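This report refers to the structure that appears directly beneath it.
Residue numbers (my numbering), protein chains in the order written: chain A, 1 to 347; chain S, 348 to 694.
Quick look at the structure:
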């Protein structure tokens, strides 16, 4: 399988695919200032919760490069605070962003406490780059494990449908839902992926088809409203999607349109799987009814393609995601195995 | 209800809304040459089978204007053949186009046979304009009758969902599926319409929301993949869509995405109605399985609005319509009443 790295560290620089240029241009952006990392997260050049977490961790290290080699611990600690606060301001709601920045700060605090000696800049950087590499590697292992568990559910020759992009471009490695397909193909199964374009922002058309092409996995693009017809034609044997949050009872929030796909799968007796790391489970939420539905800007629908496609002043409904009830989900594919909806991963 | 005429006759001229400029500009095009009528049909300035039929009938009359008042019957008959052949070449598959042109020719033949005298140009034009007016008026009556029968199925305060544009802009009057909503509102019921945008060509976003706005009917635009969520929220009490062809058993072909909406309605226990004139029934086809599914250009999906939104060379599935099986249809609303799927209108 061809290498396609969403982001990676090159010595002291964070390199990432500029996703705003996809699918028509593939360019790697080299970020050697914290400002360039902040801008990349802010403007969605890098997107997807796990990928943002990795970018922020590496961005923290990049941000310390402005210090002189002779910096004192006070100067290092102050700059670390400054850099992490700054990166935290790039996107307001990405949980992995804050999680990764907290982990970098805690790593530094623990190091200064445990070592009981003064850490100079090069020692500090060695520890922080190592921690960022660890975050990256854990994410990679998570993807691989999800892929392995999910691939076992698929059979040679199957058609599989996905919605939105829960793929390599959203993680440090090969994704969650798409990891299942990549691992299936790697294990020698012939799979054909059908990708919903995923209105309004077309992540399926722009990103999912592109990365499957890059990996040499056969893919067919369709408009969201064509999925039922493809199922009726008998061309889909399983559906695999990602998730943004999973309630304790197994109800799963994901990109708008996922719930409809789950109903169509049920009607056609096709198993519907959710692939997500165990960190996606939110035990504080008992059912999906408690997950609020975010409304987004109507212009995403009315001016989606750089051209106005609906009349001025029209009322628009544009929820960012929906909740698929547990009873429509055949299984939740996590890095610790395939869970029945309602079953929780070990803590 | 505000007047919004898709097309109408103004003395010897055909006037029509240039639908290619919607929803951002409303302009009426005055066609006083047959070439301008041909161009309007060809380039979709006027669209929808019933509306095309009316435009072709009026266009036939417009085309005779080039003759001198002293034209012989031989010259009139030759020009009539020339004009109808020319208009028939505007779009290859619109059945109503050929039907209307045949009817205009037959009207002239019958007149010359019955009158048993020479018809001059002004007498001929009087007969042909009258026949075009009759085609227009029959279409109007059909819309009104469908509206009346369908409106009786709706209750005050209901939310109703439609897909694509089976509205005023597709007919000489106020449509088929949308006629049901217009008639409901006219009869004093408060309705709120939810309009699927209808990818790939966005007829729902561009045309349905626009004409409902023009008529003052409350409407909310949504992406196709949001319909399930709106149903789950309890905001939809009925679905009404149009049809392109209905098989003898009640299976109904309509714009791609209709079948999926029917499944979603079934899951949420919402009645799903098809509104279409009895001429839509094709008794030669026993079930929907015999209706071929036309594939359209992949660029409609990948280059929807002047911008490339999918990678080069990607495989695309782009069927123009799908077939909703009779068991998902609660009733077929025709001009002769509401039929159970499988029941045929009187011939």
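All residues carry an ideal CB built from backbone N, CA and C; glycine is no exception. Note that the structure is a prediction, hence the values are computed from the model and not measured.
- One finds 228, 263, 264, 267 in chain A with Cβ atoms closer than 8 Å to the Cβ of residue 610 of chain S, taken in chain order.
- The residues 408, 411, in chain order, have a CB closer than 7 Å to that of residue 472 of chain S in the same chain once the five nearest residues on each side in sequence are set aside.
- Within the same chain, and ignoring the five residues on either side of residue 206 of chain A in sequence, the residues whose Cβ sits closer than 7 Å to its Cβ are 22, 23.
- Nearest to residue 292 of chain A by C-alpha distance, out of A:150, A:319, A:20, A:112, is A:319.
- The alpha carbon of residue 184 of chain A has as its nearest neighbour, out of A:48, A:341, A:144, A:135, the alpha carbon of A:144.
- Contact between the stretch 307-317 of chain A and the stretch 229-240 of chain A is absent: fewer than 3 CB-CB pairs across the two stretches fall below 8 Å.
- Inclusion of residue 198 of chain A and residue 277 of chain A in the CB contact set at 8 Å is not warranted, their separation being larger than that value.
- Listed in chain order, the non-local C-beta contacts of residue 48 of chain A below 7 Å within the same chain comprise 169, 170, 171, local neighbours out to five positions each way being set aside.
- Interface with chain A (8 Å Cβ-Cβ cutoff): residue 512 of chain S is excluded.
- For residue 210 of chain A, the C-beta contacts it makes with chain S under 7 Å involve 658, in order along the chain.
- The criterion of a C-beta distance shorter than 8 Å is satisfied by residue 399 of chain S and residue 443 of chain S.
- The way I'd put it, the stretch 607-622 of chain S does touch the stretch 582-593 of chain S; three or more beta-carbon pairs between them come closer than 8 Å.
- With three or more CB-CB distances shorter than 8 Å, the stretch 595-613 of chain S counts as touching the stretch 630-637 of chain S.
- Counting only the Cα atoms, residue 647 of chain S lies some 49 Å from residue 460 of chain S.
- Within its own chain, the residues whose Cβ lies closer than 8 Å to the Cβ of residue 28 of chain A, once the five positions on either side in sequence are excluded, are 15, 16, 17, 18, listed in chain order.
- The contact set of residue 553 of chain S on chain A, defined by CB atoms closer than 9 Å, consists of 309, 310, 311 in chain order.
- In the DSSP assignment, the residues bridged to residue 666 of chain S are S:642.
- Residues of the same chain with their beta carbon placed closer than 6 Å to that of residue 382 of chain S are lacking, with the five preceding and five following residues left out of the count.
- Taking 8 Å as the cut-off, the beta carbon of residue 499 of chain S is found no closer than this to the beta carbon of residue 513 of chain S.
- Burial check for residue 352 of chain S: the Cβ neighbour count within 10 Å stays below 16, so the residue is exposed.
- Across the structure, residue 601 of chain S and residue 627 of chain S are spaced so that their CA atoms are roughly 11 Å apart.
- Exposure of residue 481 of chain S is indicated by the presence of fewer than 16 other C-beta atoms within 10 angstroms of its C-beta.
- When the beta-carbon positions are compared, residue 222 of chain A and residue 196 of chain A come within less than 8 Å of each other.
- Residue 506 of chain S carries a strand assignment under DSSP once its states are collapsed to helix, strand and coil.
- Look at residue 305 of chain A here: in three-state DSSP terms it is coil, with no helix or strand label.
- The beta carbons of residue 101 of chain A and residue 87 of chain A sit about 6 Å from each other, so the pair counts as a contact at 8 Å.
- For residue 483 of chain S and residue 445 of chain S, the gap between their C-alpha atoms comes out near 15 Å.
- Residue-level contact by beta carbon holds for residue 197 of chain A and chain S, with a gap shorter than 8 Å.
- Rounded to whole angstroms, the Cβ separation of residue 58 of chain A and residue 132 of chain A is 5 Å, and the two are in contact under 8 Å.
- By the C-beta density criterion, residue 693 of chain S is exposed, having fewer than 16 other C-beta atoms within 10 angstroms.
- Look at residue 587 of chain S: its C-beta is not under 8 Å from any C-beta on chain A.
- Within the model, the alpha-carbon separation for residue 56 of chain A versus residue 79 of chain A is close to 15 Å.
- Taking the Cα of residue 329 of chain A as reference, the smallest distance to any Cα among A:31, A:265, A:295 is reached at A:265.
- Not a single C-beta of chain S is nearer than 8 Å to the C-beta of residue 58 of chain A.
- In the DSSP annotation of this structure, residue 496 of chain S is not part of any beta strand (DSSP E); the continuous alpha helix (DSSP H) holding it starts and ends at 468-498.
- Burial is judged here by how many other beta carbons sit within 10 angstroms of a residue's own beta carbon; residue 660 of chain S has fewer than 16 and is exposed.
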